[in-house]
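Participant: The opening residue of the sequence shown carries number 145 in my numbering; numbering runs sequentially from there. Mind having a look at this structure? Questions to follow.
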Amino acid sequence: MFSIHRDRPDIDVNNQVDSLMEAAGDAVFRINAQGTVLHASRRSAELIGPEVPLIGQPLASLVLGADHPALDAAVARALESAQPGKANVRLKTRVSALWVELQISTYPNARGAPELLAVARDISGQQATEERLRHMATHDALTGLPNRSLLSDRIRMAIAQSRRTGRGFAIVALDLDGFKKVNDALGHPVGDALLRVAAMRLSDTLRDVDTLARVGGDEFVAVLASVASEAEIQAIARRMIATMQLPFDIQGHTLYVGTSIGAAIFPEHGESEVKLHAHADTAMYRAKETGKARCVVYNNQKFTQPEHDVSMEAAMFQAVRDGEFLLHYQPIVDARSRQIMGFEALMRWSRPGIGMVPPTQFIPMAENNGLINLLGAWVLKAACMQITQFQEIAGRPLYVSVNVSPRQFRNDQFLDIMDEAIALSGLKGHQLLLEITEGILMSDPEHAEALLTEMTARNVRIAIDDFGTGYSSLAYLKRFPIATLKIDRTFIKDLPASVKDAAICNVVLSLASHLNLATVAEGVENEEQLQYLAKHGCGLIQGYLTGRPSPPEEIVELLKAGQSMRAAAALPE
């Protein structure tokens, strides 16, 4: 940008540099090796303010203290390597701190001593854009609250601080009760507006040291610093519940929602972010199940749900690749003739080195992580194919009963998967019985009715599993095309001695008879139970008395033995 002529002593190098400084950068300083300003451009003085003395001041005095290390490093680089040093620093101006890119170069002055030229370029617009991008990456666009990414960072910081201080903290998970109805009835713009107001209200109930994040939909999570007792958590939760119960005036609508809250305490309920979050979620769902608009704090003794084990979840995905999942089949027999009429397909996980993993442990996990869709499709196809082999050996038609999870039922591809399973196996539609729970029907009745109608159009039969343990409304028996009721084992295990269980079974059997529905009693383990059920009109039974869940090869032997016995009985004497 300029040249130095050492062989012409009449040229004052410093004057030449000073004159060139006016044409370079938004602010330019000539400083000595110690960092003292020797000269500043007129634009520098205008930017910083004419009342601020520049000459003779350390350049560092014009830069915010937090940026001094970056400035020092740039000066050191220029002096030591003769290469330009660069630093992004905030320059104190008459209005505010201004982000500038400072490029520092060294040159010899007229006496041959090193001096520095610091050229500042305004990058405030670039920094503002970067700051907006950083904010967008860590904050929820709708509410402005921290998002899941920033929440994770805050939880890790809280864990580190708690380990230093020895004082715990709490994670609080909550969502809005009744929000889905608002969204469905009035549309997403109204729902979004409600969420923004809810976020502000919830924030007002917390302290500055706490963090409130929106993690999706109407779900929020709060990190309560140094709150480690249930009494403290409940006090904060009461404020949250109270503020959510106030009416929301949104776009001309007066709306009411509530909130259910779950909490977990570090380190009592977990020493990792994943476990704390999972336990807070579990407690929140318990709050919903037990009345809503309340707070439940996680309890290791009372909560019987298996812990969310990340290592097990990873093992599940690997198990799919390695073929560790398999099917067992439990006979479903005629209560009077004891002839096998069909089988229920039950998924099992044989984990190498560990053995069988209980379905109660891996099925909920698969439902949560979405793996149930893949596993469920495999079960449906494999069971239909297997039943064709069973009926070839039996020499007569059989049917197969397959459980359908809530997530599978909501999957848009479910009908296609079912059609493919029937087509591949060659089964007739009525030979496939799909077991669903009462909760699936009542959570979204319109969707359930449409899907069940499609299924029954293919002659596929629908069974209600665990009948009597879910919703008490019987209206769905009239509304939906149900073919079979499976009486839950809780009503069977104390038969015939229990008067109450006997009364419940009699009512269910009578109801099914009048509605022309088939019945299957689950958990039949002794002869007295079977005789009682057969006498009172139960058509089919399933349980250890007539057959435990067994791998296919054992079922094949069972069916072959049955064929041999029938063949022997048919021989002339």
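Ideal placement from N, C-alpha and C gives every residue a C-beta, glycine not left out. Treat the numbers as computed from the prediction; the structure is a model and nothing was measured.
Only counting runs of 3 or more residues, tell me where the beta strand (DSSP E) segments fall wholly within the segment 286-339, in order along the chain.
Facilitator: The segment 286-339 contains these whole beta strand (DSSP E) runs: 313-321.
Participant: How about G486 and I476: are their beta carbons less than 9 Å apart?
Facilitator: The sequence position of residue 486 within the sequence shown is 342, counting from 1. The sequence position of residue 476 within the sequence shown is 332, counting from 1. Yes, Cβ-Cβ distance for G486 and I476 is below 9 Å.
Participant: By how many angstroms is the C-alpha of V546 removed from the C-alpha of I566?
Facilitator: Working through the sequence shown from its first residue, we reach residue 566 at position 422. Working through the sequence shown from its first residue, we reach residue 546 at position 402. C-alpha separation (whole angstroms): 13 Å.
Participant: Can you tell which of G520, L235, F624 and G612 has the C-alpha that lies nearest to the C-alpha of A601?
Facilitator: Start at 1 with the first residue of the sequence shown, and residue 601 comes out as number 457. Nearest C-alpha to A601: F624.
Participant: Under the rule that 16 or more other beta-carbon atoms within 10 Å means buried, what is H658, buried or exposed?
Facilitator: The count along the sequence shown starts at 1 and reaches residue 658 at position 514. With fewer than 16 Cβ atoms within 10 Å of its Cβ, H658 is classed as exposed.
Participant: Relative to the C-alpha of L653, which residue among A375, A641, I685 and E671 is closest?
Facilitator: On the sequence shown, position 509 is the one that residue 653 refers to. Nearest C-alpha to L653: I685.
Participant: So what does DSSP say about A184, is it helix, strand or coil?
Facilitator: Counting from one through the sequence shown, the residue named residue 184 turns up at place 40. Looking at A184 - three-state DSSP - the assignment turns out to be strand.
Participant: Determine the extent of the beta strand (DSSP E) in which R492 is found, giving its start and end residues.
Facilitator: For this step, residue 492 is matched to residue 348 along the sequence shown. Residues I484 to R495.
Participant: Using the Cα positions of D362 and F323, report the straight-line distance between them to the nearest angstrom.
Facilitator: For this step, residue 362 is matched to residue 218 along the sequence shown. For this step, residue 323 is matched to residue 179 along the sequence shown. Cα-Cα distance, rounded: 7 Å.
Participant: At the level of alpha carbons, what is the spacing between A594 and L585?
Facilitator: One-based indexing of the sequence shown puts residue 594 at position 450. One-based indexing of the sequence shown puts residue 585 at position 441. Approximately 11 Å between the Cα atoms of the pair.
Participant: Quick one: what's got a C-beta closer than 6 Å to M456's C-beta in the same chain, skipping five residues either side?
Facilitator: Working through the sequence shown from its first residue, we reach residue 456 at position 312. No residues qualify anywhere along the chain.
Participant: If you measure between the beta carbons of D556 and I580, is that distance less than 9 Å?
Facilitator: Taking the sequence shown and counting its residues from 1, the one referred to as residue 556 is at position 412. Taking the sequence shown and counting its residues from 1, the one referred to as residue 580 is at position 436. Result no, Cβ atoms of D556 and I580 do not sit closer than 9 Å.
Participant: Once DSSP output is grouped into helix, strand and coil, what is the label at I699?
Facilitator: Along the sequence shown, one-based indexing puts residue 699 at 555. In the structure shown, I699 sits in a helix (DSSP, three-state: H, G or I).
Participant: Using the rule of at least 16 other Cβ atoms within 10 Å of the residue's Cβ for burial, across every protein chain shown, is P213 buried or exposed?
Facilitator: Taking the first residue of the sequence shown as position 1, residue 213 is located at position 69. P213 comes out exposed.
Participant: Buried or exposed: which applies to M460, given that a residue is buried once 16 or more other Cβ atoms fall within 10 Å of its Cβ?
Facilitator: In the sequence shown, residue 460 corresponds to position 316, counting from 1. It is buried - the Cβ of M460 has at least 16 other Cβ atoms within 10 Å.
Participant: Just confirm the distance between the C-beta atoms of A424 and A407, as a whole number of angstroms; I'd bet it's less than 8 Å.
Facilitator: By 1-based counting over the sequence shown, the position of residue 424 is 280. By 1-based counting over the sequence shown, the position of residue 407 is 263. That pair is a contact at about 6 Å.
Participant: Does the contact criterion of 3 or more C-beta pairs under 8 Å hold for the segment 526-537 versus the segment 695-704?
Facilitator: Short answer: they touch.
Participant: Look up E536 in the DSSP assignment and say whether it is helix, strand or coil.
Facilitator: On the sequence shown, residue 536 is found 392 positions in, with the first residue counted as 1. In the structure shown, E536 sits in a helix (DSSP, three-state: H, G or I).
Participant: L703: buried (16+ other C-beta within 10 angstroms of its C-beta) or exposed?
Facilitator: In the sequence shown, the residue the question calls residue 703 occupies position 559. Under this definition L703 is a buried residue.
Participant: DSSP three-state call for V730: helix, strand or coil?
Facilitator: With the chain running from 145 to 717 in the structure shown, residue 730 is simply not present.
Participant: Can you tell me the Cα-Cα spacing of H574 and L542, whole angstroms?
Facilitator: Your numbering for residue 574 matches position 430 in the sequence shown. Your numbering for residue 542 matches position 398 in the sequence shown. Approximately 10 Å, taken between the alpha carbons.
Participant: Where in the segment 594-655 do unbroken runs of the beta strand (DSSP E), each at least 3 residues long, occur, reported from the N-terminal end onward?
Facilitator: Listed in chain order, the complete beta strand (DSSP E) runs (minimum 3 residues) inside the segment 594-655 are 605-611 and 628-631.
Participant: By the DSSP assignment, the alpha helix (DSSP H) with S373 in it spans what residues?
Facilitator: The residue labelled residue 373 in the question sits at position 229 within the sequence shown. Note, S373: premise wrong, no alpha helix (DSSP H); not H, not E.
Participant: What residues match up with R234 in a beta bridge as DSSP calls it?
Facilitator: The residue you call residue 234 lines up with position 90 of the sequence shown. Answer by DSSP bridge pairing, in chain order: W243.
Participant: Measuring alpha carbon to alpha carbon, tell me which residue in L261, L206 and S249 is nearest R238.
Facilitator: Here the question's residue 238 lines up with position 94 in the sequence shown. Answer by Cα proximity: L206.
Participant: For the segment 304-318 and the segment 425-434, state whether three or more C-beta atom pairs, one from each stretch, are separated by less than 8 Å.
Facilitator: Judged by Cβ distances under 8 Å, the segment 304-318 makes contact with the segment 425-434, as three or more pairs qualify.
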